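In what follows, a structure is listed as structure tokens, so that the remarks can point back to it.
In structure tokens form, the structure reads like this:
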């Protein structure tokens with residue numbers, strides 16, 4: 022894993038993610054229930070190519086619940102750290118060793134874990150209390166485990182007035198193998214699409230602020 026320490030949401034963080042498939046969007050590459058390539062993959066390639074050419078992210082819209090999640094994240098982390106009696110590690114962006122896919126963990130936990138916090142609407146949170154939260158986020162969580170090489174990921178749904186949900190998800194090697202293969206095929210198609218765009222005279226925009234890969238720290242995959 023390659024680790025970039027920067028503030029999530031900062032211009033440097035946004036720039037580091039441009040044109041790179043990330044775990045929150047892996048469901049657009051692999052359909053979680055069937056473990057087959059997603060029909061959304063082509064559209065996702067087009068989106069990443071557009072970002073690469075323009076030099077700016079396309080998903081800059083912040084919804085009401087995204088804003089609420091940002092406001093509640095510190096509160097949720099404090100609750101989690103007290104519950105687990107641990108201190109978590111703030112991180113910006115994590116890349117697979119080939120730098121072709123990444124994820125933005127809310128926190129890393131110790132040497133083997135990670136944390137993803139959700140602050141959904143009250144209705145969705147009730148659904149998580151009564152149902153299976155991990156299935157709804159399987160691609161994102163298993164994708165984060167794939168990128169980071171870690172052993173487990175805690176998935177938290179936080180609501181300040183209702184019971185909280187915390188589900189520990191372990192590596193599903195069968196699913197990770199299918200996702201890894203789908204990612205390899207996807208990134209190969211993405212590279213081919215970039216070559217076609219270059220042949221058409223399109224070149225990537227100059228980054229406003231370039232990320233220095235030499236400044237990142239390395240972590241050995243378990």
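Numbering (the working numbering), first residue to last: 22 to 243. Glycine included, C-beta positions come from ideal geometry on N, C-alpha and C. Being a predicted model, the structure only gives us computed values, none of them experimental.
Distances from the alpha-carbon of residue 179 to those of 101, 59 and 217 put 101 closest. By the beta-carbon neighbour count (other beta carbons within 10 angstroms, threshold 16), residue 67 is exposed. Per DSSP, the unbroken beta strand (DSSP E) holding residue 116 starts and ends at 114–116. Secondary structure at residue 182: coil, using DSSP grouped into helix, strand and coil. Secondary structure at residue 211: helix, using DSSP grouped into helix, strand and coil. Counted as a single uninterrupted DSSP element, the stretch harbouring residue 23 is not any alpha helix (DSSP H) but the beta strand (DSSP E) occupying residues 23–25. In this structure, DSSP gives residue 33 a helical state, which the three-state scheme calls helix.
Bounds of any beta strand (DSSP E) do not take in residue 54, whose DSSP letter is neither H nor E.
Residue 171 sits in coil when the DSSP states are folded into three classes, being neither helix nor strand.
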